[in-house]
Amino acid sequence: MDLPDRTPRKRTYLMASPDHFAVEYAINPWMDVTMPVDAELVHKQWERLRRTLVESGHTVHVLPPRAGLPDLVFAANGAFTVDGVAYGARFRYPQRTAEAAVHRAFYETEGWEFVAPTQTNEGEGDFTYLPGAHGGVILAGYGFRTETAAHAEAQEVLGRPVVSLKLVDSRFYHLDTALQPLDDSTVAYYPGAFSTAAQRVLAQLFPDAVLADEVDAYAFGLNLVSDGRNVFLPAEATGMAAKLAAAGYRPVPVELSELKKGGGSVKCCVAELRG
Ligand code: ARG
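So in our numbering, spot 26 of the sequence shown is number 107, and the numbers just go up one at a time.
#1: What does a CB cutoff of less than 7 Å around N311 pick up in its chain, not counting 5 residues either side in sequence?
#2: Can you check which of these residues, V154, D113, G222, E180, is closest to E128 by C-alpha distance?
#3: Contact check, V218 vs V244 under 8 Å by CB: the rounded distance?
#4: Closer than 7 Å to a non-hydrogen atom of ligand 1 - does that hold for the CB of K125?
#5: What are the start and end residues of each continuous alpha helix (DSSP H) run of 4 or more residues lying completely inside the segment 165-239, in chain order?
#6: Considering only the alpha carbon of each residue, which of L314, L337, E336 lies closest to A326?
#7: By the DSSP assignment, the beta strand (DSSP E) with K247 in it spans what residues?
#8: When burial is assigned at 16 or more other CB atoms within 10 Å of the CB, is S251 buried or exposed?
#9: Relative to the C-alpha of G320, which residue among G216, R355, V291 is closest?
#10: When you compare each of R281, G309, A322, A316 to D294 by their alpha carbons, which one comes out closest?
#11: Specify, as a first and last residue, the run of the alpha helix (DSSP H) that V312 falls within.
#12: On a CA-only basis, which of H139, A107, S98 is nearest K91? Give me that one, please.
#13: Going by DSSP in three states, Y270 sits in which element: helix, strand or coil?
#14: Note the first and the last residue of the continuous beta strand (DSSP E) segment covering T162.
#15: Would you check if there are 3 or more beta carbon pairs closer than 8 Å linking the segment 168-180 to the segment 112-131?
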């Protein structure tokens with residue numbers, strides 16, 4: 082079988098220091114406050130992810146640590162950017178509300194056009210963008226965190242069509258735990274995380290998708306970051322890595338066991354800055 086030529090594209094990412102990461106509250110089914118976190122190991126694993134992205138040719142900005150914001154490390158939730166415009170986040174739970182201002186300050190300092198949201202949304206946790214699919218389309222999840230009113234607001238702010246997808250399994254409470262782009266026009270996803278109607282929509286829009294199963298999804302195998310060729314994903318997602326390799330991508334396993342205790346993995350730690 083002839084595999085398509087998978088070409089990487091240089092990206093700019095935003096990560097956030099893991100220095101204050103802890104499981105101090107439980108707002109998703111993965112979090113268990115009685116579970117100790119190894120701070121040294123968190124730091125080592127996170128730093129290795131950062132270095133791997135840089136060594137692959139990408140630019141990585143880092144938000145400094147903030148005491149009192151243990152989930153700030155999940156940088157993907159702070160905003161959503163398309164074509165140089167940043168649509169800010171408005172977190173569902175009070176424990177994370179203050180993170181939005183940290184992200185906003187970053188975008189404003191860096192000279193982005195920043196639009197403050199009026200609706201609840203958790204940034205790239207629930208939004209993603211495929212520049213090469215259907216002329217440039219935004220996919221947006223709802224059901225647990227982001228409100229559909231924010232999908233409409235994102236469409237007004239960013240001027241791209243937004244396809245709303247209903248999430249139905251609380252273990253996969255953000256879109257980025259169930260679906261991620263592999264390149265400008267291809268996605269990987271776990272159908273079981275979506276409503277029957279949303280599964281039909283995805284099958285119609287992305288007939289060439291790489292489909293994951295429950296084991297892949299449970300190993301956070303969809304919580305990946307891809308540059309179009311190199312796919313950074315959790316080391317334990319071995320089945321997903323095999324599926325990606327069979328589709329012509331290059332899986333790059335990353336060990337992030339400590340952050341999984343917070344209910345996140347590779348993608349949750351990495352926001353893409355689309356200038
Ligand atoms: N503890 C965080 C929360 O529940 C994890 C966020 C994971 N981030 C993500 N992009 N899925 O909000």
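All C-beta atoms in this analysis are idealised placements derived from N, C-alpha and C, irrespective of residue type, glycine included.
Straight from the coordinates:
#1: These residues qualify, in order along the chain: P89, S137, R331, V333.
#2: Comparing alpha carbon positions, the residue from V154, D113, G222, E180 closest to E128 is V154.
#3: Right, their Cβ atoms sit about 6 Å apart.
#4: Because no heavy atom of ligand 1 lies under 7 Å away, the Cβ of K125 does not count as near it: no.
#5: Unbroken alpha helix (DSSP H) runs of no fewer than 4 residues, entirely contained in the segment 165-239, are found at 180-190, 229-239, following chain order.
#6: Measuring from the Cα of A326, the nearest candidate turns out to be L314.
#7: For K247, the enclosing beta strand (DSSP E) has its first and last residue at 243-247.
#8: Exposed, because fewer than 16 other Cβ atoms sit within 10 Å of the Cβ of S251.
#9: Closest option to G320, Cα to Cα, is V291.
#10: Ranking R281, G309, A322, A316 by CA distance to the CA of D294 puts A322 first.
#11: Premise fails: V312 lies in the beta strand (DSSP E), 311-315, not in any alpha helix (DSSP H).
#12: Checked all of H139, A107, S98; the closest Cα to K91 is H139.
#13: In the three-state DSSP reduction, Y270 falls in the strand class (E or B).
#14: Looking at the DSSP string, the run of the beta strand (DSSP E) that includes T162 is 160-163.
#15: Contact between the segment 168-180 and the segment 112-131 is absent, with fewer than three C-beta pairs closer than 8 Å.
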